Amino acid sequence: MENTEKKKRILSAIQPSGTFTLGNYLGALKNWIALQDEYECVYAVADLHAITVRQDPTKFKKNILEAYALLLACGIDLEKSLLFIQSHIHTHSELAWILNCYTQFGELSRMTQFKDKSLKHADNINVGLFAYPSLMAADILLYQADLVPVGEDQRQHLEITRDIAARFNGIYGEVFKIPEAYIPKIGARVMSLQDPTKKMSKSDENINSWVAVLDKPDVIIKKFKRAVTDSEAVVRYAEGKDGINNLMSIYSAVTGKTNEEIEREFDGKGYGDFKAAVGETVVDMLTPIQNRFNEYMADKQYLEECYKKCDEQALYISQKTLKKAMKKIGFVI
Ligand code: TYM
């Protein structure tokens, strides 16, 4: 990573739960890549967060390495940024425990994601699922991050991170920087292709509802063709046209075109043409990523070199903050 003391710092992470979705890419990863020149960026594969739901050990291991390779393939440049594996950096679990003691039961109970996931995994509402936001706060605060690029669904977790940091600082002085969420104007909430009132999510059982970054071109085209729309057959952004609005947002996020430009482009054309065009632009965007992913996965030794180098630097940065916090609390260190 460059020596860039004046640059502001970015921190973000993603769970290694199989592949990434188009939602992950447009809501977060695209920004991760774009911000690398202007900021000092620190990114992580959030494997500790992933065990709040049960993982098959063999698959989990594979998913972590694939997530790492896919992030490199998306364009994370290790000449400019750090990309580490969360569980390799022990400071995260340690600060998370500390922050648990500065986080209230009531505020964690109000987290929408906790409520949603408790409904989905009613047989395994574990303490980790509940305390998930304080681990996320630890991830962010350890690096004194200024900005956190995420999709809209993480906004509440950013707010609680700010509250925890402010509470801690209120007791002990300026230990943590108070971070801000960095949420894109377009693509912050990519919706399901089958039920556009719901967020696109890889945990959705209907695989036609989400596009994976690693889906084959013909699969992507097919998923867009099957996307739920409405009966008006006019490509325009309007209330009540959730399906078309979602497709327009995707098209806009990928091509940079405004809604007006899209409406003009498809004036007089049907949904079939529009869906095909959205599918094709998404394929064009993802194909080079898929090719690079295959190259990275063919060189495991290189991947190991990458994360080991980044792990070292991440540990160095995060240890400073952890020690500072522990000293303030009164630990003998
Ligand atoms: P995760 O792994 O669920 O998602 C990774 C990122 O993708 C964004 N995202 C979306 N954006 C737009 N539309 C969608 N349909 C969509 N689905 C997901 C998410 O907002 C996120 O930015 N807890 C985090 C991971 C994490 C983290 C952190 C993030 C762990 N520690 C520290 C930031 C900072 C999570 O589960 O994201």
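Going by our numbering, the first residue of the sequence shown is number 14, and it counts up by one from there. Think of the CB as a built atom: it goes at the ideal place given N, C-alpha and C, for glycine as much as any other residue. From a predicted model like this one, the values you see are computed outputs, not experimental measurements.
Leaving aside the five residues before and after residue i along the sequence, list all residues of the same chain whose C-beta is less than 6 angstroms from its C-beta, in chain order.
{"i": "A178", "result": "L154, F189, I191"}
{"i": "L116", "result": "It is worth fixing the name first, because residue 116 is Thr in this sequence and not Leu. Once the five neighbours on either side are set aside, the close Cβ partners of T116 are S147, I177."}
{"i": "T242", "result": "G256, I257, Y284"}
{"i": "A144", "result": "N113"}
{"i": "T17", "result": "A caution first: T17 carries a pLDDT of 49, below 50, which makes its placement in the model unreliable, though a value can still be read off. So the qualifying residues of the chain are E53."}
{"i": "H101", "result": "D324"}
{"i": "I234", "result": "G292"}
{"i": "K238", "result": "K288"}
Going by DSSP, which residues form a beta bridge with residue i?
{"i": "N34", "result": "Reading off the sequence, residue 34 comes out as Thr, not Asn. Looking at the DSSP assignment, T34 forms a beta bridge with A225."}
{"i": "E193", "result": "L160"}
{"i": "Y56", "result": "S25, L96"}
{"i": "M213", "result": "Paired residue(s): none; M213 is not in a bridge."}
{"i": "M204", "result": "K212"}
Which whole-angstrom value describes the C-beta separation of residue i and residue j, a residue pair presumed to lie in contact below a C-beta threshold of 8 angstroms?
{"i": "K336", "j": "I346", "result": "6 angstroms"}
{"i": "P347", "j": "D166", "result": "The requested residue 347 does not occur in the structure, where the chain is confined to residues 14 to 346."}
{"i": "A266", "j": "G164", "result": "The Cβ separation is near 11 angstroms, so there is no contact."}
{"i": "T65", "j": "K215", "result": "With 8 angstroms as the limit, T65 and K215 do not qualify as a contact, their Cβ atoms being about 15 angstroms apart."}
{"i": "I330", "j": "Y185", "result": "That pair is no contact at about 20 angstroms."}
{"i": "A109", "j": "A151", "result": "4 angstroms"}
{"i": "L39", "j": "I263", "result": "7 angstroms"}
{"i": "H367", "j": "L61", "result": "Any answer about residue 367 is impossible in this case: the structure gives the chain only from 14 up to 346."}
Output needed for residue i: all residues of its chain with C-beta closer than 7 angstroms, excluding positions within five of it in sequence on either side, in chain order.
{"i": "A240", "result": "L206, G256, L260, K288"}
{"i": "N76", "result": "P29, S30, G31"}
{"i": "Q49", "result": "D90, K93, S94"}
{"i": "K19", "result": "none"}
Quick check: is any heavy atom of ligand 3 less than 7 angstroms from the C-beta of residue i?
{"i": "I153", "result": "Among the ligands present in this structure, namely ligand 1, ligand 3 is not found."}
Who are the near neighbours of residue i in its chain, counting only those whose CB is closer than 8 angstroms to its CB and skipping five residues on each side?
{"i": "R67", "result": "N137"}
Using a Cβ-Cβ distance cut-off of 8 angstroms, determine whether residue i contacts chain B.
{"i": "K270", "result": "Absent from the structure is chain B; it holds one protein chain and no more."}
| Can at least three beta-carbon pairs, one atom from the stretch 292–309 and one from the stretch 228–245, be found at a separation below 8 angstroms? | yes
| Inter-stretch contact (C-beta, 8 angstroms, three-pair minimum) for the stretch 20–27 and the stretch 52–59 | yes
| task | Evaluate the contact criterion for the stretch 243–263 versus the stretch 203–223: three or more CB pairs, one atom per stretch, below 8 angstroms. | result | Yes, the stretch 243–263 is in contact with the stretch 203–223.
| request: Give a yes or no on contact between the stretch 86–102 and the stretch 120–140, applying the rule of three or more CB pairs nearer than 8 angstroms. | output: no
| task | Assess, as a yes-or-no matter, whether the stretch 236–253 is touched by the stretch 274–293 under the definition of 3 or more beta carbon pairs within less than 8 angstroms. | result | Three or more Cβ pairs closer than 8 angstroms define a contact, and the stretch 274–293 meets that threshold against the stretch 236–253.
| Is the stretch 195–202 touching the stretch 155–174, taking contact as three or more C-beta pairs under 8 angstroms? | Touching, yes.
| Per the contact definition of three or more C-beta pairs closer than 8 angstroms, is the stretch 312–321 in contact with the stretch 76–86? | yes
| Taking contact to mean at least 3 C-beta pairs separated by less than 8 angstroms, is the stretch 122–132 in contact with the stretch 41–50? | no
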